[in-house]
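Residue numbers (the working numbering): -6 to 362. Note that beta-carbon positions come from the ideal geometry of N, C-alpha and C, so glycine has one too.
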């Protein structure tokens, strides 16, 4: 069948290459391109550069590059204090097109209106400190992080969800979304409580001090009472030192990674207790939860384990606070060694990405969003 569809520039280029580079006969070229031989002969007589069909585009590639540059400058100047709309972009860039045209041009560049990311606000001093940390440790291997750093410690407050209503609220906080059609957004099963909503499940929250090392969760203890310098000193000389000596009985000094906690870890009593216990500190920079395994892996995995256990529980089941604390400890200590070793070794990749970002924020996961 004769195809009367006009040639595109790409088709003419392909036919010229098949004839002059691959030396294919006209019959084979016609069969490969789904054209007859007369059309192939006409294409070979055409020039390789054809005039573009249709009306001229409202935005040239140069105009689109200008729009992208202006947009980046406006977002940087706004500092996340107000939204940059398409109307503002059109006015600033001084392009004589409508907002829809600008939206479609940006969409082809994969630039869309997306939700803001939540990260700690870094000052210039924070970025310099993070860059210095990355420059020092970016060449350390995964095995070095697993074997040399004896313990990665941190604290977290866990809410105690001991009854059905509290467990349902906790489970909703972990749901990202659902497949649905238009108009179903307010139906039952598609609505959940906002994460910003303050909810009191009843029992007092649980302050946990955790320590990860040697491929396991070595330390998981509840810190009762107020957290201050004296509590930190008791923690260093008590549970933490006992775990270190039990795991490495022949060592006289230990290397522990911790964050900048001024009320406990950095307090005068806490520093004195570390010297007495012969504990050396590998201190991560301020506002850097992406460099502590407890923040970027442990807490989330323990929460997932707890919610998975509660998924099939009957609504009549209740727990005491002590039972919830014990189950929380079992969930943490039951984590697989392969998961913990991989999470600790991920510090190598994180330090390299931190160095590439020059101390700023970096993508922690595998994909950009």
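Given that a residue counts as buried once 16 or more other Cβ atoms are within 10 Å of its Cβ, and exposed if not, what is residue 147?
Taking the chain shown and counting its residues from 1, the one referred to as residue 147 is at position 154. By the neighbour-count rule (16 or more Cβ atoms within 10 Å), residue 147 is buried.
Buried or exposed for residue 192, going by 16 or more other Cβ atoms inside 10 Å?
One-based indexing of the chain shown puts residue 192 at position 199. Residue 192 should be labelled exposed.
C-beta atoms of residue 324 and residue 308 nearer than 7 angstroms:
For the purposes of this step, residue 324 is identified with residue 331 of the chain shown, where counting begins at 1. For the purposes of this step, residue 308 is identified with residue 315 of the chain shown, where counting begins at 1. Their beta carbons are not under 7 angstroms apart, which means residue 324 does not touch residue 308 by this criterion.
For a quick check, are the C-beta atoms of residue 33 and residue 23 less than 7 angstroms apart?
On the chain shown, residue 33 is found 40 positions in, with the first residue counted as 1. On the chain shown, residue 23 is found 30 positions in, with the first residue counted as 1. Yes, the Cβ-Cβ distance between residue 33 and residue 23 is below 7 angstroms.
Do residue 355 and residue 346 come within 7 angstroms of each other at the CB atom, strictly closer than that value?
Taking the first residue of the chain shown as 1, we reach residue 346 at position 353. Taking the first residue of the chain shown as 1, we reach residue 355 at position 362. It is a contact, given that the beta carbons lie within the stated cut-off.
What is the C-beta distance between residue 143 and residue 247, in whole angstroms, given that I count them as a contact (C-beta under 8 angstroms)?
Residue numbering aside, residue 143 sits at position 150 when the chain shown is read from its first letter. Residue numbering aside, residue 247 sits at position 254 when the chain shown is read from its first letter. Contact holds; Cβ gap of about 5 angstroms.
Pick from 9, 268, 168: whose alpha carbon is nearest that of residue 36?
Numbered from 1 along the chain shown, position 43 holds the residue referred to as residue 36. If we check each option's Cα against that of residue 36, 9 comes out closest.
Reducing DSSP to helix, strand and coil, say where residue 138 ends up.
On the chain shown, residue 138 is found 145 positions in, with the first residue counted as 1. Residue state, collapsed to three classes: helix.
For the stretch 225 to 238 against the stretch 260 to 278, do three or more pairs of beta-carbon atoms, one drawn from each stretch, fall closer than 8 angstroms, so that the two count as touching?
yes
Counting C-beta neighbours from all protein chains within 10 Å, is the total for residue 306 16 or more, i.e. buried, or is it exposed?
Stepping through the chain shown from its first residue, residue 306 is reached at position 313. Classification of residue 306: exposed, given that the 10 Å Cβ count is below 16.
Who are the Cβ neighbours of residue 344 in its own chain at under 6 angstroms, not counting the five residues just before and after it?
If you number the chain shown from 1, residue 344 lands on position 351. The answer, listed in chain order, is 127, 130, 131.
Taking Cβ positions, are residue 139 and residue 334 nearer each other than 7 angstroms?
Position 146 of the chain shown holds residue 139. Position 341 of the chain shown holds residue 334. Their beta carbons are under 7 angstroms apart, which means residue 139 touches residue 334 by this criterion.
Could you check which residue in 159, 316, 278, 327 has the C-alpha nearest to that of residue 295?
Taking the chain shown and counting its residues from 1, one reaches residue 295 at position 302. Minimum Cα distance to residue 295 is reached at 327.
Based on Cα-Cα distance, which residue from 100, 240, 109 lies nearest to residue 206?
Locating residue 206 in the chain shown gives position 213, counting from the first residue. Looking at the Cα atoms, 240 is the closest of the given residues.
When DSSP builds the beta bridges, which residues end up paired with residue 78?
In the chain shown, the residue the question calls residue 78 occupies position 85. Bridge partners of residue 78: none, in fact.
Burial state of residue 304 (16 or more Cβ within 10 Å):
Here the question's residue 304 lines up with position 311 in the chain shown. It counts as exposed.
Give me, in chain order, the residues of the same chain whose beta-carbon lies closer than 6 angstroms to that of residue 0; leave out the 5 immediate sequence neighbours on both sides.
Within the chain shown, numbered from 1, the residue matching residue 0 stands at position 7. Closer than 6 angstroms at the Cβ level, and outside the excluded window around residue 0, lie 36.
Quick one: residues in its chain with C-beta nearer than 7 angstroms to the C-beta of residue 94, no 5 flanking neighbours on either side, listed in chain order?
Within the chain shown, residue 94 is the residue found at index 101, counting from 1. Only 51, 52 meet the Cβ criterion.
Candidates 115, 357, 160, of which the one nearest residue 302 by Cα:
Taking the chain shown and counting its residues from 1, one reaches residue 302 at position 309. Considering only alpha carbons, the answer is 160.
Given this structure, state the Cα-to-Cα distance separating residue 4 from residue 54, to the nearest angstrom.
As a position in the chain shown, residue 4 is number 11, starting the count at 1. As a position in the chain shown, residue 54 is number 61, starting the count at 1. Using only the alpha carbons, I get a separation of about 23 angstroms.
Count the C-beta pairs between the stretch 274 to 283 and the stretch 106 to 116 that are closer than 8 angstroms, then say yes if the count reaches three, no if not.
yes
Counted within 10 angstroms of its Cβ, other Cβ atoms place residue 251 as buried (16 or more) or exposed:
Counted from its first residue, the chain shown places residue 251 at position 258. With 16 or more other Cβ atoms within 10 Å, it is buried.
Quick one: grab the DSSP three-state call for residue 292.
Locating residue 292 in the chain shown gives position 299, counting from the first residue. Note: residue 292 maps to helix in three-state DSSP.
Take the Cβ of residue 285 as the centre, count every other Cβ of all protein chains shown within 10 Å, and call the residue buried at 16 or more, exposed below.
For this step, residue 285 is matched to residue 292 along the chain shown. The residue is buried, with at least 16 neighbouring Cβ atoms inside 10 Å.
Based on the DSSP secondary-structure assignment, which residues constitute the bridge partners of residue 204?
Along the chain shown, read from residue 1 onward, the residue named residue 204 stands at position 211. For residue 204, which the question treats as bridged, DSSP gives the partners 146, 212.
Comparing alpha-carbon positions, which option in 186, 158, 173 lies nearest residue 195?
For this step, residue 195 is matched to residue 202 along the chain shown. The residue with the shortest Cα to Cα distance from residue 195 is 158.
Would you mind sorting residue 181 into buried or exposed? The rule is 16 or more other CB atoms within 10 Å of its CB.
As a first step, residue 181 must be located in the chain shown, where it is residue number 188. So residue 181 counts as exposed.
With DSSP run on the structure shown, which of helix, strand or coil describes residue 346?
To locate residue 346, count along the chain shown from 1; it is residue 353. It is helical.
Check whether the stretch 77 to 95 touches the stretch 55 to 69, counting contact only when three or more Cβ pairs, one atom from each stretch, lie closer than 8 angstroms.
yes
For residue 167, name the three-state secondary structure that DSSP assigns.
The residue given as residue 167 occupies position 174 in the chain shown. Reduced to three states, the DSSP call for residue 167 is coil.
By how many angstroms is the C-alpha of residue 189 removed from the C-alpha of residue 273?
What you label residue 273 is simply residue 280 of the chain shown in a count that begins at 1. What you label residue 189 is simply residue 196 of the chain shown in a count that begins at 1. Approximately 38 angstroms between the Cα atoms of the pair.
Reference residue 76, options 89, 109, 90, 48, closest by Cα:
Numbered from 1 along the chain shown, position 83 holds the residue referred to as residue 76. Nearest C-alpha to residue 76: 109.
Please work out which residues of its chain come closer than 8 angstroms, Cβ to Cβ, to residue 287, disregarding the five sequence neighbours upstream and downstream, and give them in chain order.
As a first step, residue 287 is located in the chain shown; it is residue number 294 there, counting from the start. Excluding positions up to five away in sequence, the list reads 145, 146, 147, 149, 203, 205.
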